[in-house]
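Here is the structure we will look at.
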Amino acid sequence: MKNTFKWILYSLILLFLILHNDIWFWKSPQIVFGLPVGLLFHILFCLGTSLLMYFIVKYAWSEK
Numbered sequence: 115m116k117n118t119f120k121w122i123l124y125s126l127i128l129l130f131l132i133l134h135n136d137i138w139f140w141k142s143p144q145i146v147f148g149l150p151v152g153l154l155f156h157i158l159f160c161l162g163t164s165l166l167m168y169f170i171v172k173y174a175w176s177e178k
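Pasting the structure below:
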């Protein structure tokens with residue numbers, strides 16, 4: 115596997131760590147699909163994190 119793809123995945127981990135601190139939806143009373151927008155954000159965040167971890171295990175894990 116190319117080194118650049120590994121660095122892209124590792125950069126996405128850093129981006130997800132930054133995005134996890136949800137300060138922009140914290141006090142928002144907006145409701146989307148019957149859920150508070152902050153809760154919906156975290157549901158989508160968890161799905162995205164799961165997908166990212168799948169790609170990390172599949173492509174960036176060292177094969178020894």
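When we follow the numbering used here, the leftmost residue of the sequence shown carries the number 115, and every step to the right adds one. Backbone N, C-alpha and C fix where the C-beta goes; we use that ideal spot for every residue, glycine too. This one's a predicted model, so the numbers in the text were calculated from it and none came from an experiment.
Cross-strand partners of residue i (DSSP beta bridge)
i	result
Val151	In the DSSP output, where bridge partners are listed per residue, Val151 has none listed.
Ile145	Pro150
Simplified DSSP state of residue i, which is helix, strand or coil
i	result
Ile137	coil
Trp175	coil
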